[in-house]
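Enquirer: Going left to right, the sequence shown walks through residues 74 to 382 as my numbering numbers them.
Where is the CB? At the ideal position from N, CA and C, for every residue including glycine.
Here the structure is a predicted model, which is why all the values come from computation and not from measurement.
Sharing a structure with you now.
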Amino acid sequence: MKVVSVINYKGGVGKTTLTANLGAYAAFAGRRVLMIDLDPQSHLAFSFMTPEEWRDKYADTKTLLSYFEPLTRGADEAVDLSSLVIPLNMGDLLNLQGLKLGLISSHLNMIDIDMQLAGLVSAPTQIMLAANSLKTCSYLRNQLDKMKDEYDLVLLDCPPNFYLLVKNAVVASNYYIVPAKLDYLSTLGVMELQKKIEAYLRQYEEYRVLLGEGRYRPVFLTAFGIVPMMVNIHKGDEPISAEREYMKVMKDNGHYIFHFVRNNSSVFGAAPFDGVPAVLTRPRFNLTARRIVREMQELGEEFLGRLGI
Ligand SMILES: Nc1ncnc2c1ncn2[C@@H]1O[C@H](COP(=O)(O)OP(=O)(O)O)[C@@H](O)[C@H]1O
Ligand SMILES: [Mg+2]
74 MKVVSVINYK
84 GGVGKTTLTA
94 NLGAYAAFAG
104 RRVLMIDLDP
114 QSHLAFSFMT
124 PEEWRDKYAD
134 TKTLLSYFEP
144 LTRGADEAVD
154 LSSLVIPLNM
164 GDLLNLQGLK
174 LGLISSHLNM
184 IDIDMQLAGL
194 VSAPTQIMLA
204 ANSLKTCSYL
214 RNQLDKMKDE
224 YDLVLLDCPP
234 NFYLLVKNAV
244 VASNYYIVPA
254 KLDYLSTLGV
264 MELQKKIEAY
274 LRQYEEYRVL
284 LGEGRYRPVF
294 LTAFGIVPMM
304 VNIHKGDEPI
314 SAEREYMKVM
324 KDNGHYIFHF
334 VRNNSSVFGA
344 APFDGVPAVL
354 TRPRFNLTAR
364 RIVREMQELG
374 EEFLGRLGI
């Protein structure tokens, strides 16, 4: 099982769109996939169902809130994460047998969880701080480990910050990918994010050594690359020159650059067709849309190929 965080502490850069499309594509390609929405905005579900369906069937009982809320109240036993998985019926919609795509949805009240988790961490001594911090940031990892034979790929759709839920994602992950727009501030943001993640991993390791190395496992997190999102195209298939320049800057800084996803609100901005993300749709009359869908599929192949699953 490979766990991949989709992360960027900028909002509106396409994290959720990328998670939904990569998840859907990987499931279509035969991988057993679980997507977990850590963002209180809870938008990931809406790539697969209507807000009404989510509200009526899942909002009260089947969200990540049911997992984290007892922990913030000091419960020792965590709720079984697999009991919160919503099996998505994409296979039925596409007339395909045996697709395995699960979703653990978020909840608007997850916004309080981050604050409550922060309360659990604070402590008067360094050693207590280390113990609380590693315990609190390992909640997700511990539970995901129990599901390792059930899934080939887990995608974690992160909120746009670097608080404790994101740290939980980082600790649980083997890889992270960064969807990013190609402009000056986004490029700076990508560099800052990498530094932030590296600094956090150093702190984790420091705390781990302080507590005795046997208690927590090390985190091996690979920077997997950047997916340029909402890219503006000149003529044909090339990004406009300013955006090509930012891709080059990121590449020169050592980042792997995945195939870009172009800016097209008629494909990516519309409500999902019948609960199936764009990557698996077949737009009949719109040639550009068809081409974009093919590009998304190629991105999916590139992603799975590099992951080696
Ligand atoms: N390639 C794209 N072209 C046009 N609009 C896009 C594209 N990708 C995403 N969007 C739209 O941009 C908005 C933000 O995307 P989203 O995936 O929710 O970002 P995030 O999860 O980072 O906040 C959404 O309305 C989404 O539909
Ligand atoms: Mg999002």
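(1) Return yes when the Cβ of P252 is within less than 8 Å of the Cβ of V79, no when it is not.
(2) Buried or exposed: where does K308 fall if 16 or more other Cβ atoms within 10 Å of its Cβ makes it buried?
(3) Could you give the distance in angstroms between the alpha-carbon of F358 and the alpha-carbon of P124?
(4) I'd like the ranges of any alpha helix (DSSP H) spanning at least 4 consecutive residues and lying wholly in the segment 195-219.
(5) Given the structure, does R335 come close to ligand 1, in the sense that its CB is under 7 Å from one of the ligand's heavy atoms?
(6) When the Cβ atoms of the segment 209-226 are set against those of the segment 161-168, are three or more pairs found closer than 8 Å?
(7) Just list the residues that DSSP pairs V76 with in beta bridges.
(8) Let me make sure I understand the geometry here. Which of L111, N241, V366 and I177 has the alpha-carbon closest to that of N94?
(9) Going by alpha carbons, who is nearest to L176 out of L228, R146 and I313?
(10) State the Cα-Cα distance for the pair A118 and M188, rounded to the nearest angstrom.
(11) I'd like to confirm something about S338: is its beta-carbon nearer than 7 Å to some heavy atom of ligand 1, or not?
(12) Tell me the start and end of each unbroken beta strand (DSSP E) in the segment 284-360 that is at least 3 residues and wholly inside, in chain order.
(13) Check the DSSP bridge columns for T136 and list the partner residues they point to.
(14) In three-state terms, what does DSSP make of Y273?
(15) Quick one: measure Cβ to Cβ for M302 and G87, integer angstroms, because I've assumed they're closer than 8 Å.
(16) Short check: CB of V304 to CB of L255, under 8 Å?
(17) DSSP beta-bridge partners for Y249?
Expert: Well, looking at it:
(1) yes
(2) The Cβ neighbour count for K308, taken over all protein chains shown within 10 Å, is under 16; the residue is labelled exposed.
(3) 28 Å
(4) 199-210 and 212-218
(5) R335 Cβ: within cutoff of ligand 1.
(6) no
(7) V227
(8) V366
(9) Ranked by Cα distance from L176, the first of L228, R146 and I313 is L228.
(10) 24 Å
(11) yes
(12) 295-301
(13) S178
(14) The answer is helix: DSSP assigns Y273 an H, G or I state.
(15) 4 Å
(16) yes
(17) S78 and A296
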